[in-house]
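Those protein sequences? They're chains A and B, same order as listed. Under our numbering, read the first sequence as residues 1 to 564, first letter to last. Under our numbering, read the second sequence as residues 1001 to 1564, first letter to last.
Protein chains: 2
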Amino acid sequence: MPALARRLAVARGDEPADVVVRGGRVFSAFTREWLETDVAVVDGYVAGLGEYEGAEVLDAGGRWVVPGFVDAHMHLESSKLLVDEFARLVLPLGTTTVVVDPHEIANVLGTDGVHWLLDVCGGLPLDVYFMASSCVPASAFESPRRPLLPGDLEGLLRRRRVIGLAEMMNFPGVVSGDEHELAKLALPGAEHVDGHAPGVVGRTLNAYTAAGIYSDHEASTIEEGRERLRAGMWLLIREASAARNLHALLPLVTEYGPHRIAFCTDDREPEHIAEDGHVNTMVRDTVAAGISPEDALVLATLNPATWHGLRHLGAIAPGYQADLLVLPDLESFVPETVLKRGRPVGEIERVEVPEWVKHTVRVRHVAARDFALPWDGDGRARVIGVIPDQITTEPLVEEPLVDDGHAVADPERDLAKIAVVERHLGTGRRSVGLVRGFGLRAGALASTFAHDAHNIVVVGMDDQDMARAVARLAEIGGGVVVVEDRGVRAELPLPVAGLISEARLDEVVAASRGCIEAAAKLGCTLPSPFQTMSFLALSVIPSLKITDRGLVDVDRFELVPLQA
Amino acid sequence: MPALARRLAVARGDEPADVVVRGGRVFSAFTREWLETDVAVVDGYVAGLGEYEGAEVLDAGGRWVVPGFVDAHMHLESSKLLVDEFARLVLPLGTTTVVVDPHEIANVLGTDGVHWLLDVCGGLPLDVYFMASSCVPASAFESPRRPLLPGDLEGLLRRRRVIGLAEMMNFPGVVSGDEHELAKLALPGAEHVDGHAPGVVGRTLNAYTAAGIYSDHEASTIEEGRERLRAGMWLLIREASAARNLHALLPLVTEYGPHRIAFCTDDREPEHIAEDGHVNTMVRDTVAAGISPEDALVLATLNPATWHGLRHLGAIAPGYQADLLVLPDLESFVPETVLKRGRPVGEIERVEVPEWVKHTVRVRHVAARDFALPWDGDGRARVIGVIPDQITTEPLVEEPLVDDGHAVADPERDLAKIAVVERHLGTGRRSVGLVRGFGLRAGALASTFAHDAHNIVVVGMDDQDMARAVARLAEIGGGVVVVEDRGVRAELPLPVAGLISEARLDEVVAASRGCIEAAAKLGCTLPSPFQTMSFLALSVIPSLKITDRGLVDVDRFELVPLQA
């Protein structure tokens, strides 16, 4: 019997269901109420609510049955995990669907990388939907391996499971009517497009929205959130490791109800997920903040599915995919049982990583002198001011310590050197600047995971250690490394595109902690120094950033010299 | 400058708008609040809300500015007006978009008729979106000119402005898993499909919904409405001329909020629209019933647009089409000014009707003897029991008056004859039965407007008058006619497919009233006899109906003999 005919036969009660979930209070995401009913599941879909018989019965007596969580926007690569390991991590936490922007791997491996990721995600029990990365590079100041052109995006948008255009980060380009950006928005399939508009308000926000961009996950204040809702945008509330907006924006849920608002995690570090959780933590924290469980659940289920047009997800109703969580209470939101497409999640096969996805770090020989900053001894220098737990920076101005005609690092005043080294093509292009806020006393920290172009970012108090750190990353094919006195003190290899580990979660977390501890031994005072570093080369988040092309004044959206 | 670049320039404030609507309280359909702001319009689209300058300024001081109304489901043909005249009628009432199922003309003229209607609607200021008619015929008991097969639907679904599959009326077919119906649902473009499920509840409703059908406009009780919402269906509240569900269903808006609920008019007679109004009457009556204007407006604007995926309609926000109503108050909902695509509605060009769209009534010569009912004098007969102002009927059983071996009409007991005569191909196929409830004393009433196949329905106390009425309809190319003593007492010609007039509204209303008055002179006690007649051949609405193939027991969904 064809699948749909069988589903209808089960719905009618003429055939037994595969599984009947019995005795639970079942959440209706549409009416925001609890129904005391069976759920009949066949071939991975809900056939009906009511009284049903099934080959298997799952007793949900005294528990709550809710739809699986849908993450409205995230970057798989930020977990540092291969997607099979990511699925092993988040499925038991109740995340059954994620909508990803693969722009990290796209910066490193172009469309090839995205097609590979699409292919390996196809066989997973986790549903991974893709948005085609709109901004590779994020701006003209960044150097990916190659830019994604409209033709590249067109090819991606034609693939199954690619459901739209990912966050349009070049908001200055869109707002000013840049023809290249508007061409992307005019592509077939790009009618559905996610926004990225940090700090954009007023007429500028009008222009951005008028281009057809109706979501944003960068709002961080009630006023920004309110303005976005009124402009017709969906408000995607983000709770990432380095940018947490949940508590600031929840009052809007109270004021307007949970409509056109959805949750997303954007970038979560592996430690964050392992220690706390995933989308479920946003539901938990929302309920703890006084919002009803019914409203909180909608933000994590039906709403993200609705924004993305995933009509078969986010609810428990006839014809919906049977992604069901059985919750023991409405406080912790850690599921007791997860049914994905109607079945418990079993073993997940390991993803095989082909050779070409590794071996992505190509740098020319780098020596200590490459980090020298010739300085005429006059005037002051622009300094990137790190703000703990924020991805924005302060544009500082300081008189540098000068030695022998060169500006040098100055541990006494917490002024370290920072450099970005192009690592895709081995061009040798690099730039060097100054940063405050790491608290380093010595050594160097380096990483190939650096939004969005993922060139090497290195921060150090010692030029030779900086050179050694870069060289080490080339040796291990990318990752995170801590160097002191020319010696590697800790490292986290990320050989897959220089972004992702092949190891198990616990090994990744252990190595990552090892790096943070080694950094702390060098005096580093930041709780998450590598996460902080990973945003210092991102040229679309204010205010002062650095790429391989130089210092970027993001507010003026132009390159600026070191000398202030 | 390309259109989008110009829109963005206006949004930024770098170019003046075409029109600025100033001083009004502007409705945000997203947050359900009123904003004191300008609305900047350029090239028919909203560029932004805020402070703007424009070439023209429309003073909305002290008034309310709301989005144009969107009718979620209707049949143009029921207005009996050509679409240009329909637009002249409803645009001033605030209806700026309609989503139509053209299944009346599709029954008469196949896909040719639908393509013609699509073409003539393309040039109108009214936005007319189409759903491809899923059920032509409505059931196997009806005889359209030709059935629409999946291939026909595929062609329609590929056209611009065809946005999905229209009401799937064959709910028994869907629920039972009929492969022909499931094939229609599997067509590309048919992911979006409207439902039609009168009285369907429980597991049967589960099966219908599980097939992917997520709207219904046939709910008439709170319980039915609640069940549909819980099943994931959009509840389209209908207020048609002959089926009024608004007041019964409004408590659901109070209980659950105005979410996943939208308004539709389905079938409104020309008099109804002319005398009372269109979608605006539903908003008015909703507010009068105690629902807030903000909730009522959402049901008539953003919600119908959202259900149909019309992302540029139903709200006043950047990038949305500038369909704006200026309301003097929040009670009458008759707009003072209507801006369609940013401009006042000017002259609307007359639609030219080609010859082939007329000349659709082909009947063999019909004589009085064709309405004879041979009767053996024994037993009782099934009689269609008309319920005033309802489209359902009662299945009655009566002993007929017998004369000379024939059952005959009996004015004393209000038993008239009813016949349906095939009129598309001139096959001569017809069936004759009995009906109670018209109150006729003499004469005959006939019409070519008879859902859904639009064969000729004739009701009469006199076989010769019935024959004359049918002959007259053939002469005038279809319409409505009242005959007494072989003479035509009144008529409303509907030469366009036998469904639609070419005349102006006032002429149509006058002729229609003339027919109703003439019927009353024959004793008819029904307030809208032709509207009532138009549903007596519709084989998918309970309980006893008649088509050219015989009496239909809709509950058992089979043909039944006259003899009970």
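Here a beta-carbon is modelled for each residue, glycine too, at the ideal position from N, C-alpha and C.
ask   = With which residues is alanine 40(A) paired in a DSSP beta bridge?
value = Here residue 40(A) is taken as the residue at index 40 of the first sequence, counted from 1. The partner list for alanine 40(A) (beta bridge, DSSP) reads Val20(A) and Gly48(A).
Cβ separation of arginine 343(A) and alanine 1210(B), assumed to be a contact under 8 Å, to the nearest whole Å = Position 343 of the first sequence, counted from the first residue, corresponds to residue 343(A). Position 210 of the second sequence, counted from the first residue, corresponds to residue 1210(B). Not a contact, Cβ separation roughly 18 Å.
query = Do we get a CB-CB distance below 7 Å when we pair glycine 50(A) with the residues of chain B?
reply = One-based indexing of the first sequence puts residue 50(A) at position 50. It does; some Cβ of chain B falls within 7 Å.
request  = Go to lysine 1340(B), then tell me how far its beta strand (DSSP E) extends in each direction, as first and last residue.
outcome  = Translated into the one-based positions of the second sequence, residue 1340(B) becomes position 340. From DSSP, the beta strand (DSSP E) with lysine 1340(B) extends over 1337-1340.
ask   = Could you check where the alpha helix (DSSP H) with phenylalanine 86(A) kicks off and where it finishes?
value = Numbered from its first residue, the first sequence carries residue 86(A) at position 86. Where phenylalanine 86(A) is concerned, the enclosing alpha helix (DSSP H) stretches over 83-90.
key: Completely contained alpha helix (DSSP H) runs for the segment 231-265 of chain A, where each covers 4 or more residues   = 246-256
inquiry  = Buried or exposed for alanine 1497(B), going by 16 or more other Cβ atoms inside 10 Å?
reply    = What you label residue 1497(B) is simply residue 497 of the second sequence in a count that begins at 1. Label assigned to alanine 1497(B): buried.
query = Which same chain residues, not among the five before or five after arginine 1489(B), have their C-beta less than 6 Å away from its C-beta?
reply = In the second sequence, counting from the first residue as 1, residue 1489(B) sits at position 489. Excluding positions up to five away in sequence, the list reads Val1482 and Ala1518.
query = Is leucine 49(A) near the ligand FMN, with its Cβ less than 6 Å from a heavy atom?
reply = Only the bare structure without any ligand can be found here, which leaves the ligand FMN out of the picture.
key: Neighbour flag for glycine 1212(B) against chain A, beta carbons, 7 Å   = Position 212 of the second sequence, counted from the start, is the residue given in the question as residue 1212(B). Output row for glycine 1212(B): interface = yes.
request  = Compare the Cα-Cα distances from leucine 440(A) to each of Ile291(A), Pro529(A) and Ser543(A) and report the closest residue.
outcome  = For this step, residue 440(A) is matched to residue 440 along the first sequence. Taking only the C-alpha atoms, the option nearest leucine 440(A) is Pro529(A).
request  = Output the distance between the C-alpha atoms of glutamate 1033(B) and arginine 230(A), rounded to the nearest integer angstrom.
outcome  = Against the second sequence, residue 1033(B) aligns to sequence position 33. Against the first sequence, residue 230(A) aligns to sequence position 230. When rounded, the distance between both Cα atoms is 9 Å.
task = For leucine 522(A), go through chain B and note every residue whose CB falls closer than 7 Å to its CB, in chain order.
result = By 1-based counting over the first sequence, the position of residue 522(A) is 522. Per Cβ cutoff of 7 Å: no residues; leucine 522(A) is ~47 Å from chain B at best.
request  = Would you please verify whether the beta carbon of alanine 1219(B) is less than 7 Å from any beta carbon of chain A?
outcome  = Position 219 of the second sequence, counted from the start, is the residue given in the question as residue 1219(B). No - not a single Cβ of chain A is within 7 Å of the one on alanine 1219(B).
query = By Cβ distance below 8 Å, which residues in the same chain neighbour arginine 1160(B) in space, the five residues on each side in sequence not counted?
reply = Here residue 1160(B) is taken as the residue at index 160 of the second sequence, counted from 1. Around arginine 1160(B): no qualifying Cβ.
In chain order, each alpha helix (DSSP H) run of at least 4 residues that lies wholly inside the segment 103-189 of chain A = 103-121, 150-157, 171-176 and 179-185
query = What is the DSSP secondary structure of tryptophan 1064(B), reduced to helix, strand or coil?
reply = Here residue 1064(B) corresponds to residue number 64 of the second sequence, with the count starting at 1. It is a strand residue.
request  = In angstroms with no decimal places, state the Cα-to-Cα distance between valine 46(A) and glycine 319(A).
outcome  = Indexing the first sequence from 1 puts residue 46(A) at position 46. Indexing the first sequence from 1 puts residue 319(A) at position 319. So the two alpha carbons sit approximately 5 Å from each other.
ask   = With a cut-off of 7 Å, does the C-beta of phenylalanine 30(A) fall near any C-beta of chain B?
value = To locate residue 30(A), count along the first sequence from 1; it is residue 30. Yes, phenylalanine 30(A) lies at the interface with chain B (some Cβ there is under 7 Å from its Cβ).
message = Going by DSSP in three states, glutamine 531(A) sits in which element: helix, strand or coil?
response = Position 531 of the first sequence, counted from the start, is the residue given in the question as residue 531(A). Helix.
Amino acids of chain B, ordered along the chain, whose beta-carbon sits closer than 8 Å to that of glycine 202(A) = Taking the first sequence and counting its residues from 1, one reaches residue 202(A) at position 202. Gly1050, listed in chain order.
query = Helix, strand or coil: how does DSSP classify histidine 1406(B) here?
reply = If you number the second sequence from 1, residue 1406(B) lands on position 406. Looking at histidine 1406(B) - three-state DSSP - the assignment turns out to be strand.
ask   = Out of Glu1558(B), Arg1413(B), Thr1337(B) and Lys1417(B), which has the shortest C-alpha to C-alpha gap to arginine 1369(B)?
value = On the second sequence, residue 1369(B) is found 369 positions in, with the first residue counted as 1. Checked all of Glu1558(B), Arg1413(B), Thr1337(B) and Lys1417(B); the closest Cα to arginine 1369(B) is Lys1417(B).
key: Within chain B, the residues that threonine 392(A) reaches when beta carbons sit closer than 7 Å   = For the purposes of this step, residue 392(A) is identified with residue 392 of the first sequence, where counting begins at 1. Those do not exist, as threonine 392(A) stays about 24 Å from chain B at its closest Cβ, beyond 7 Å.
key: Contact under 7 Å by Cβ, glutamate 1399(B) with valine 1383(B)   = Locating residue 1399(B) in the second sequence gives position 399, counting from the first residue. Locating residue 1383(B) in the second sequence gives position 383, counting from the first residue. No.
key: Close-in-space but distant-in-sequence residues of the same chain around leucine 1330(B) (CB under 7 Å, 5 per side omitted)   = Along the second sequence, one-based indexing puts residue 1330(B) at 330. Closer than 7 Å at Cβ, skipping near neighbours: Trp1064, Val1287 and Pro1293.
key: First and last residue of the uninterrupted beta strand (DSSP E) at serine 447(A)   = Position 447 of the first sequence holds residue 447(A). 444-447 is the extent of the beta strand (DSSP E) around serine 447(A).
Distance between beta carbons of leucine 1187(B) and proline 1144(B), contact taken as under 8 Å = For the purposes of this step, residue 1144(B) is taken as residue 144 along the second sequence, with counting starting at 1. For the purposes of this step, residue 1187(B) is taken as residue 187 along the second sequence, with counting starting at 1. With a Cβ gap of about 19 Å, proline 1144(B) and leucine 1187(B) do not count as contacting.
query = Within the 7 Å Cβ cut-off, does tyrosine 1256(B) reach chain A?
reply = On the second sequence, position 256 is the one that residue 1256(B) refers to. Cβ-Cβ to chain A under 7 Å: yes for tyrosine 1256(B).
request  = May I have the straight-line CA-CA distance separating valine 136(A) from glutamate 355(A), to the nearest angstrom?
outcome  = Looking up residue 136(A) in the first sequence gives position 136. Looking up residue 355(A) in the first sequence gives position 355. Whole-angstrom Cα-Cα distance: 23 Å.
Any C-beta of chain A under 7 Å from that of alanine 1055(B) = By one-based count along the second sequence, residue 1055(B) stands at place 55. It does not: the Cβ of alanine 1055(B) has no partner Cβ on chain A nearer than 7 Å.
ask   = Would you call alanine 3(A) buried or exposed, if buried means 16 or more other Cβ atoms sit within 10 Å of its Cβ?
value = Residue mapping note: residue 3(A) aligns to position 3 of the first sequence, counting from 1. Flag for alanine 3(A) reads exposed.
query = So, is threonine 1306(B) buried or exposed, given that buried needs 16 or more other C-beta atoms within 10 angstroms?
reply = Here residue 1306(B) corresponds to residue number 306 of the second sequence, with the count starting at 1. Threonine 1306(B) should be labelled buried.
ask   = What is the residue span of the alpha helix (DSSP H) that aspartate 194(A) lies within?
value = Sequence index remark: in the first sequence, residue 194(A) carries index 194 (1-based). Not the alpha helix (DSSP H): aspartate 194(A) falls in the beta strand (DSSP E), residues 193-195.
key: Proximity winner among Val457(A), Ile316(A), Gly173(A) and Gln321(A), relative to aspartate 1232(B) (alpha-carbon distances)   = Translated into the one-based positions of the second sequence, residue 1232(B) becomes position 232. Checking the sequence, you will find glycine at residue 1232(B) rather than aspartate. The candidate whose alpha carbon is nearest that of glycine 1232(B) is Ile316(A).
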